[in-house]
Structures are given as structure tokens and as C-alpha cells.
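**Q** Have a look at this one.
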Amino acid sequence: MTEALPPSDLSPDDWEGDGDAPEASPFLVDDAPVELRQVDVPLALHGVRLDKVLAELVPEFSRSYLQQLLAQGSVQLNGQLASKPAAKVKLGDTLQVAMRPTAQSQAFKPEAMALDIVFEDAHLLVVNKPAGLVVHPAPGNWSGTLLNGLLAHHAGASQVPRAGIVHRLDKDTSGLMVVAKTRATMDALVALIAARHVSRRYVALAHGAWRGAPLHTVDAAIGRDPRQRLRMAVVDPAQHPGKPARTDITCLDSTDRHCLVHCKLHTGRTHQIRVHMLSLQHPLVADALYGGVAEGGLQRQALHAFRLGLQHPVTGAAMQWHASPPPDFLQAVENLGLHYNPPL
28 MTEALPPSDL SPDDWEGDGD APEASPFLVD DAPVELRQVD VPLALHGVRL
78 DKVLAELVPE FSRSYLQQLL AQGSVQLNGQ LASKPAAKVK LGDTLQVAMR
128 PTAQSQAFKP EAMALDIVFE DAHLLVVNKP AGLVVHPAPG NWSGTLLNGL
178 LAHHAGASQV PRAGIVHRLD KDTSGLMVVA KTRATMDALV ALIAARHVSR
228 RYVALAHGAW RGAPLHTVDA AIGRDPRQRL RMAVVDPAQH PGKPARTDIT
278 CLDSTDRHCL VHCKLHTGRT HQIRVHMLSL QHPLVADALY GGVAEGGLQR
328 QALHAFRLGL QHPVTGAAMQ WHASPPPDFL QAVENLGLHY NPPL
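Numbering of the sequence shown is given in the working numbering, commencing with residue 28 and proceeding in unit increments.
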């Protein structure tokens, strides 16, 4: 199963997804409309550094944003270009600031894109996300995300937090996602996910021959890797922060070098399948973050959410959807000598 995003405050550690991205300073959009703001330096700021004066006179923007404006040449002092943050200003000096929006501030905008929608009604939709599509805007991906596509797909998306996204897949993971079209549906889906009443099943292609019984349950807490903060890892909660995580992994086929597995989530931690497979010494093919190597022609982590099931939050009907793995996944399976038969 997958764990929900809460209706407001996000907790990335509870996303089955990309996790935290490195912090990035705002990138100013050069061709965006410019707002000119002019202010005179008051007595209280006489002799103060230019960067501190800007922070006082334009308090609604962060200091990093104002530093970007200085570096870009968007600040003038008495009609002359001002770019030195440590320059001192005087009483009566005139500051003019040309304020451009950041890429982050423009992230939540509609962008028309082809969405593979496998089901849609007035309350929710189910989309088959392709590998390479980021779900939610974040540093490095402020546009071209699924959220942008949803805002363009239906008018109501702008009235729902995060355009109705209640869970996510990693950028390079393909497969099924459910999205709310109304706030009431979103709240109901969040409750269903929190109660473990939304089922998602995955198929994964991994390194190493499968040994032992076909079914293996991994019950191991997951937290931020203490040695590499961009990764998650199996941790001992007594020593490092972590949350309980459980995955049922069933071998579907195996060779001497690779295995094809079916994964059932009981929790929805960030990178859960990838981390639990690594703990079994079966890193996913092409999952470079967790030790996988590109093979079989596949250039992204070999993970696909093939089945999604839930009780419709409005009609109460039991619903289930399937999506076959994309061609690159199936071709890699064939190239590595394995056979894909859709799991039950």
C-alpha cells in the first residue's frame, strides 16, 4: 500500500517517491514581467549595508532572492548600478529594484501535456505515469511536472491542494497513481490511504539470482541514510531516525544473474521497494542511487506500479486498475532472459 500525503503540510519521508532534493537558490526568470519598486533610505537605515537595507525595505522576499537580484544587476542606487552587498547607503539615497519572479513562484501553472488517463469521473482520475515525469514541482524541476499537467487537464485542479495529488511515484518509476478532483475526494482518499485501504502492487527487475522461498517479507525500518543524506536506508530506530516499513516480495522468474519480482507494500516509505530490495542484496537494475547497473537496455530504475485498487470514496464501489509495464521495461526483461507474466 501507499502512505498518503496529508492535506496540507508535506512530510517527504512518508512519500513513496523521490524524497528531499538538495536545496537550491531561487533562479530568476529572465523573460518574465518585471515589477519596479523605488524607495528612499530613511534615517534609521543610514550607514547600513545595502543587502540589509534591501531586506528591510522589501521584507516579503527572502535574502537569497534579493542577493540574486543584486548579482543580476537588478538594483540601482541613485540611478547607478549597485551590485556590492556590503556598500553603505545614506539617508535620502534612492533605491530602485527590478523584481523578477523566481522559477519556484511560477511553478504552479497549467501546462498542457498528454496524460495517459486510465479512468476518470467527476471525483477522481487514475493516471499511468511514464518514467521520467516528475510528479510535483521541486528544485531542479519547477515545470513540466504531473501537477502542471493536471492544472491544464481540468479546471477544478486549481481549487484542490497540490492539484489533487495524494501520493507519488519517483521520477523514474512508471505506473498507476490516483488523483483527487475535488477537496472532498482528496480528504477521503487521504483517509483511505492512512487506513491502509488503498492497494498498490509493483513489478521490479533486479540484480542477482533469487535464492530460497519464492516469498520473502522484509520488515525493516527505513530512514535517511546517515552516511549519504540523499539516500534512504534500512536503519535501527534505536540509533537513527526511521519509520516501520514492510514489503512482501515474491519472485516471478529468475536467472543466474537477475530476478523479476512482485512487490506488495504494507507501508509507503520513501524509496521503500528500492531500499528493501537492496537490503536483500538485489538492487534494482539501473538504479544507480542504490547500487544498480544499467543492463538489458534499461537506463532508469526497473520499477513499475502495475496495479491499483481501492473503494471509490464517493460511490463505494470496489475498483481496480492494471497497467502493463512500458516497452523499455518489458524489453529489458526479455533481453536479460526472463519472462513476464502479469502477477495475480
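Where is the CB? At the ideal position from N, CA and C, for every residue including glycine.
The structure displayed is predicted, hence computed values, not measured ones.
Could you check whether LEU307 and ALA329 sit closer than 9 Å to each other, using their CB atoms as the reference points?
**A** Not in contact: ALA329 and LEU307 (Cβ atoms no closer than 9 Å).
**Q** Can you look up ASP199 in the DSSP assignment and give me helix, strand or coil?
**A** In the structure shown, ASP199 sits in coil (DSSP, three-state: anything other than H, G, I, E or B).
**Q** At a cut of 8 Å, does the region 140-150 reach the region 335-351 through at least three beta carbon pairs?
**A** At 8 Å Cβ cutoff, the stretches touch.
**Q** For ILE276 versus VAL288, is the C-beta spacing smaller than 9 Å?
**A** Yes. Within cutoff.
**Q** Take the Cβ of PRO369 as the centre, count every other Cβ of all protein chains shown within 10 Å, and call the residue buried at 16 or more, exposed below.
**A** That one is exposed.
**Q** In terms of alpha-carbon separation, which member of LEU118, ARG228, LYS291 and GLY171 lies closest to ALA141?
**A** It is GLY171.
**Q** Please tell me whether LYS198 has its Cβ less than 9 Å away from any Cβ of chain D.
**A** Among the protein chains of the structure shown there is no chain D, as only one such chain exists.
**Q** With a threshold of 7 Å on Cβ separation, who are the neighbours of LEU365 within its own chain once the five nearest residues in sequence on each side are excluded?
**A** Taken in chain order, the residues that qualify are ASP280, THR282, HIS285 and LEU287.
**Q** How long is the line joining the alpha carbons of VAL360 and TYR367, rounded to whole angstroms?
**A** Whole-angstrom Cα-Cα distance: 7 Å.
**Q** Cα-Cα, which of LEU81, LEU104, GLY106 and PRO354 is closest to GLN95?
**A** It is LEU81.
**Q** CA-CA distance, ALA247 and LYS111?
**A** Those two C-alpha atoms are separated by around 52 Å.
**Q** Closest to ALA149 by CA distance: which of ARG256, LYS208, ARG258 and ARG223 is it?
**A** With distances taken between Cα atoms, ALA149 lies closest to LYS208.
**Q** Can you have a look at VAL319 and say buried or exposed, based on whether 16 or more other CB atoms are within 10 angstroms of its CB?
**A** Per the sequence presented here, residue 319 reads as Gly, with Val not at that position. The residue in question, GLY319, is buried, as its Cβ has 16 or more Cβ neighbours within 10 Å.
**Q** With burial defined as no fewer than 16 other Cβ atoms inside 10 Å of the residue's Cβ, what is the status of LEU216: buried or exposed?
**A** Buried, by the Cβ-count rule.
**Q** Under three-state DSSP, which class holds VAL75?
**A** In the structure shown, VAL75 sits in coil (DSSP, three-state: anything other than H, G, I, E or B).
**Q** Which same chain residues, not among the five before or five after LEU363, have their C-beta less than 8 Å away from its C-beta?
**A** Correct list, in chain order: LEU232, THR282, ARG284, HIS285, VAL312, GLU322 and GLY323.
**Q** So ALA184 and GLY191 are in contact, right, with Cβ under 8 Å, and what is the actual spacing, rounded?
**A** Indeed, because the Cβ distance is near 6 Å, the residues count as touching under 8 Å.
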